[in-house]
Amino acid sequence: MDYDKTLQKHIRCKKGDVAKYVLIPGDPGRAERIAAKFDQAEKIAVNREYTVFTGEKDGVELTVCSTGIGGPSAAIAMEELAKLGADTFIRVGSAGGRKEEMPVGSVAVINSAYRGEGTSFEYLAANYPAVADDTITDALKKAAADLGEDVYIGGSYTRDAYYMQDQELNQELLNTQMIVSEMECATLFIVAAKRNLKVGAIVGTDSNIIKKKQFSLEEKDRLFKEAESKSIEIAIQALVDLAKTE
């Protein structure tokens, strides 16, 4: 078998397969749901946690690539997509709320991240800040306003061990602008800084460990589904707007 020399090992895409503008959810199922919102889309590849579609929305070529859970697989996706010409990314993810006033099912635009994971330290030293690209953050906020959707704005506590809690750190972060917790933003922000890429993030909340009242899994799933749909619409609109102004 002859292999195209530009074929990427993990995402299984080659030159010409991906757009400059990319949406990067964690969940492959969410990648399917994002692609369904395009005017037209073609499934390019499916390998491991990576499901890739490229299509078009309002005349703008877009790609969506799932990244799986956590920083290592997200970094691999961004690295390989960038090698094929992508340079502008929006993470469309899920997160747990970290403020009492945030209902489950909220939508949040993430502008920075606490580096509580490990992957980012392979790229840049600990004192380098993990921040989203201002242009993308502004585009997300504008798209939300244009669509009539309310969003929270703030930082994320990015961590690796989903089933472990650092109660002392949780308490400390209550008095900061960290409004959610998830597993990819810090990594993506730092990889983008290292590779001279642009990335922003929007998430829907599927839980909130800070709230006194907790919901059943069924109720949390229902609320998150609504937040996910809003996040997808906002992210797509933001990328289309960005493309049309560049």
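Counted from 1, the sequence shown has number 111 at position 111 by my numbering; the numbering is strictly sequential. Think of the CB as a built atom: it goes at the ideal place given N, C-alpha and C, for glycine as much as any other residue. Being a predicted model, the structure only gives us computed values, none of them experimental.
Item                                                                                                                                                             : Value
So what's D241 in DSSP terms, helix, strand or just coil?                                                                                                        : helix
With distances taken between CB atoms, is the gap from G200 to F224 smaller than 8 Å?                                                                            : no
Based on DSSP bridge pairs, tell me the residues matched to A130.                                                                                                : A113
Residues in its own chain within less than 7 Å of D4 by CB, not counting five upstream and five downstream?                                                      : K14
So, helix, strand or coil for T137, using DSSP?                                                                                                                  : helix
So, for Q177: in the same chain, excluding its five sequence neighbours on each side, which residues have a beta-carbon less than 8 Å away from its beta-carbon? : S112, G154, G155
What beta strand (DSSP E) runs, 3 residues minimum, are completely inside the segment 143–219?                                                                   : 152–159, 178–182, 198–208
Using beta-carbon positions only, say whether G96 and E184 come within less than 8 Å of one another.                                                             : no
Looking at the structure shown, is I90 part of a helix, part of a strand, or coil, going by DSSP?                                                                : strand
Since F38 contacts L62 with CB under 8 Å, what's their CB separation in whole angstroms?                                                                         : 6 Å
May I have the straight-line CA-CA distance separating K244 from R222, to the nearest angstrom?                                                                  : 34 Å
Would you check if the segment 91–108 and the segment 75–82 touch, i.e. whether three or more CB-CB distances between them fall below 8 Å?                       : no
What does the alpha-carbon distance come out to for the pair T289 and A45?                                                                                       : Beyond the ends of the chain as shown, which are 1 and 246, falls residue 289; an answer cannot be given.
What are the partner residues of A95, as DSSP defines its beta bridges?                                                                                          : T205
So who's on the other strand from I23, going by DSSP bridges?                                                                                                    : Here residue 23 is Leu; the residue named in the question, Ile, does not match the sequence. Per DSSP, V64, I90.
Starting from I44 and walking both ways along the beta strand (DSSP E), at which residues does that stretch end?                                                 : 40–47
What residue range does the alpha helix (DSSP H) around K57 cover?                                                                                               : Segment 50–57 is the beta strand (DSSP E) holding K57; no alpha helix (DSSP H) there.
Measure the beta-carbon distance from K230 to E172 and round it to whole angstroms, keeping in mind my assumption that it falls under 8 Å.                       : K230 to E172, Cβ: 30 Å. No contact.
Taking CB distances under 8 Å as the criterion, tell me whether E79 reaches chain C.                                                                             : Considering every chain present, this structure includes no chain C. It has just one protein chain.
Can you name the start and end residues of the alpha helix (DSSP H) that L81 belongs to?                                                                         : 71–83
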